[in-house]
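Enquirer: The structure follows.
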Ligand code: RP5
């Protein structure tokens with residue numbers, strides 16, 4: 004199945020796909036054991052009106068979509084390479100990449116291979132890393148706090164918003180909701 008995934012990625016990169024079949028954002032992680040932490044990215048994108056593209060037949064109704072892949076830098080470096088090097092030609096605008104373990108190479112390598120697409124890294128703290136930053140000058144990786152995949156996805160949408168005014172409006176609405184959640188509260192709330 005890994006080889007067929009690699010072939011599919013290259014095939015998608017090689018043909019013109021309509022916008023509704025092309026995800027704007029990719030979520031990748033090193034293991035399916037990262038899914039709980041990376042679920043925050045899914046939540047943020049869904050909250051902002053993105054829909055997940057699956058490999059089923061149903062086309063999404065939403066204008067903006069994302070895809071989710073498990074891609075391991077160590078177990079499947081060939082798949083990681085195919086995912087990142089085809090990302091731009093497959094229509095992606097940005098990637099959220101999460102990994103744990105001692106090395107957490109995935110976000111760094113995806114950032115190098117997918118350049119110039121922006122990649123936001125998420126350290127999966129439960130899996131022993133609290134930082135995924137390990138890049139030399141000239142090969143940038145933006146990263147969020149450990150476990151904060153929600154913020155990673157939110158910042159990716161902020162990056163896209165200048166090109167897509169509709170996303171800017173949704174971010175403003177999201178921010179207005181955040182603002183509505185502060186102010187004077189009663190200590191009764193804690194009881
Ligand atoms: C990393 O190794 C993955 O991103 C994961 O966080 C960690 C452990 O993976 P599993 O052994 O749980 O599959 O590459």
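In UniProt numbering, the protein residues as written are 4 to 194.
We treat Cβ as the ideally placed atom computed from N, Cα and C, and that holds for glycine.
Whole angstroms are fine: how far does the CA of residue 160 sit from the CA of residue 123?
Expert: Working through the chain shown from its first residue, we reach residue 123 at position 120. Working through the chain shown from its first residue, we reach residue 160 at position 157. Distance between the alpha carbons of residue 123 and residue 160: 11 Å.
Enquirer: DSSP has residue 126 in a bridge; who is on the other side?
Expert: The residue given as residue 126 occupies position 123 in the chain shown. Beta-bridge pairing links residue 126 to 102.
Enquirer: Enumerate, from N- to C-terminal direction, the unbroken beta strand (DSSP E) stretches of 3 or more residues contained entirely within the UniProt domain "PurE" (26 to 185).
Expert: 28 to 32, 68 to 73, 97 to 102 and 122 to 126
Enquirer: Apply the 10 Å Cβ neighbour rule to residue 183 and answer buried if 16 or more other Cβ atoms are within range, or exposed otherwise.
Expert: The sequence position of residue 183 within the chain shown is 180, counting from 1. Around the beta carbon of residue 183, fewer than 16 other beta carbons lie within 10 angstroms, which makes this residue exposed.
Enquirer: Just verifying my parser: in three-state terms, what is the DSSP assignment at residue 20?
Expert: Mapped onto the chain shown, residue 20 falls at position 17. Three-state DSSP puts residue 20 in coil, outside helix and strand.
Enquirer: Should residue 187 go down as buried or exposed, given a rule of 16 or more other Cβ atoms within 10 Å for buried?
Expert: If you number the chain shown from 1, residue 187 lands on position 184. Exposed, by the Cβ-count rule.
Enquirer: Do the CB positions of residue 55 and residue 153 come within less than 8 Å of each other?
Expert: As a working note, residue 55 is residue 52 in the chain shown. As a working note, residue 153 is residue 150 in the chain shown. No, the Cβ-Cβ distance between residue 55 and residue 153 is not below 8 Å.
Enquirer: So, are the CB atoms of residue 164 and residue 125 less than 8 Å apart?
Expert: Taking the chain shown and counting its residues from 1, the one referred to as residue 164 is at position 161. Taking the chain shown and counting its residues from 1, the one referred to as residue 125 is at position 122. Not in contact: residue 164 and residue 125 (Cβ atoms no closer than 8 Å).
Enquirer: Is any heavy atom of ligand 1 found at a distance shorter than 7 Å from the C-beta of residue 180?
Expert: Here residue 180 refers to the residue found at position 177 of the chain shown. The answer is no for residue 180.
Enquirer: Taking buried to mean at least 16 other C-beta atoms within 10 Å of its own C-beta, is residue 175 buried or exposed?
Expert: Stepping through the chain shown from its first residue, residue 175 is reached at position 172. Label assigned to residue 175: exposed.
Enquirer: Excluding the five sequence neighbours on either side, which residues of its own chain have a C-beta within less than 6 Å of the C-beta of residue 87, listed in chain order?
Expert: If you number the chain shown from 1, residue 87 lands on position 84. Setting aside the 5 residues that flank it on each side, residue 87 is surrounded in the same chain by 113, 116 and 117, each with a C-beta closer than 6 Å to its C-beta; the list follows chain order.
Enquirer: Residue 149 and residue 128 - do their beta-carbons sit closer together than 8 Å?
Expert: Counting from 1 along the chain shown, the entry for residue 128 is found at position 125. Counting from 1 along the chain shown, the entry for residue 149 is found at position 146. Closer than 8 Å, so yes.
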